[in-house]
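Numbered as in the working numbering, the sequence shown ends at 155 without a single skipped number. Built from N, CA and C at the ideal position, the CB exists for glycine as well. On a predicted model such as this, the values are computed, not experimentally measured, just so you know.
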Amino acid sequence: MRIPLAVSVAVLALACACSSPPKDAAGGRIMVVDAHGAPIPGAFLTLLAETEEPASRRVTYGSAELKAQTSDAQGMIRAELDDCLWESDHSYHFRIRRRGYEDVTMSVSTELFPPVLRVEMRRLEPEAPPAPGAEHPQ
Numbered sequence: 018m019r020i021p022l023a024v025s026v027a028v029l030a031l032a033c034a035c036s037s038p039p040k041d042a043a044g045g046r047i048m049v050v051d052a053h054g055a056p057i058p059g060a061f062l063t064l065l066a067e068t069e070e071p072a073s074r075r076v077t078y079g080s081a082e083l084k085a086q087t088s089d090a091q092g093m094i095r096a097e098l099d100d101c102l103w104e105s106d107h108s109y110h111f112r113i114r115r116r117g118y119e120d121v122t123m124s125v126s127t128e129l130f131p132p133v134l135r136v137e138m139r140r141l142e143p144e145a146p147p148a149p150g151a152e153h154p155q
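Next comes the structure, spelled out in C-alpha cells:
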C-alpha cells in the first residue's frame with residue numbers, strides 16, 4: 018500500500034511543478050528611479066545590438082515601440098529586450114536616457130536579471146551662470 022501512495026505523491030508533486038506559473042522572462046521590466054527612489058517618467062530605453070556600432074545606428078521607432086521603451090508615471094519600462102541580448106556574453110546591453118539626468122549604460126546577465134530591474138539615474142548638475150563682469154567671447 019505504501020508504494021502506490023508514494024507514486025501518487027510523486028505524480029502530484031511533478032504535476033504541481035509542471036503547472037506552476039513560469040518565472041517572468043528576464044528582460045522586460047525596468048523601474049527607473051532617482052536618488053531618492055522616486056520614479057522618473059519619460060526615460061527612454063535604447064537597445065544596444067551586438068552587431069552594430071551604437072554611434073552609427075539610426076533607428077526609427079513606431080508608436081508602440083516608443084511607448085514600450087519609455088518609462089511611465091511609475092517609472093516602469095516594459096520592453097522586449099531580445100534585440101539587445103548578446104550571444105557572446107549572454108547579457109542584455111542597453112542605455113537609458115532622460116533629459117536632466119546622466120545616461121545609464123548597463124549590461125545585465127540573463128541569469129542575474131531580476132523580475133524588476135531597478136535603475137537609479139543621477140540628476141545632472143545645472144551649469145553655473147557666468148560670474149558677474151566676466152567677458153563674453155564675441
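Length of the line joining the Cα atoms of residue i and residue j
i	j	result
F61	E128	24 Å
G54	V76	31 Å
D159	V49	Shown here, the chain extends from 18 to 155; a query on residue 159 therefore has no answer.
L134	P146	37 Å
M123	A148	37 Å
D100	E144	36 Å
M138	P56	10 Å
A66	L102	7 Å
V136	F130	12 Å
Backbone secondary structure at residue i - three-state DSSP
i	result
P38	Because P38 carries a pLDDT of 37, less than 50, the predicted location of this residue cannot be relied on, and the following value inherits that uncertainty. P38: coil per DSSP, three-state reduction.
S80	helix
A43	In this prediction, A43 has a pLDDT of 45, which is less than 50 and means its spatial position is unreliable; what the coordinates show is noted afterwards. Coil, per DSSP.
Status (buried if at least 16 other CB within 10 Å, exposed otherwise) for residue i
i	result
L141	exposed
T87	buried
Y109	buried
A81	exposed
L83	exposed
A52	exposed
G92	buried
8 Å contact criterion, which residue i and residue j should meet: CB distance rounded
i	j	result
R112	V125	Not really, about 12 Å apart at Cβ, beyond 8 Å.
R115	R46	Not quite, the Cβ-Cβ distance comes to about 18 Å (not below 8 Å), so this is no contact.
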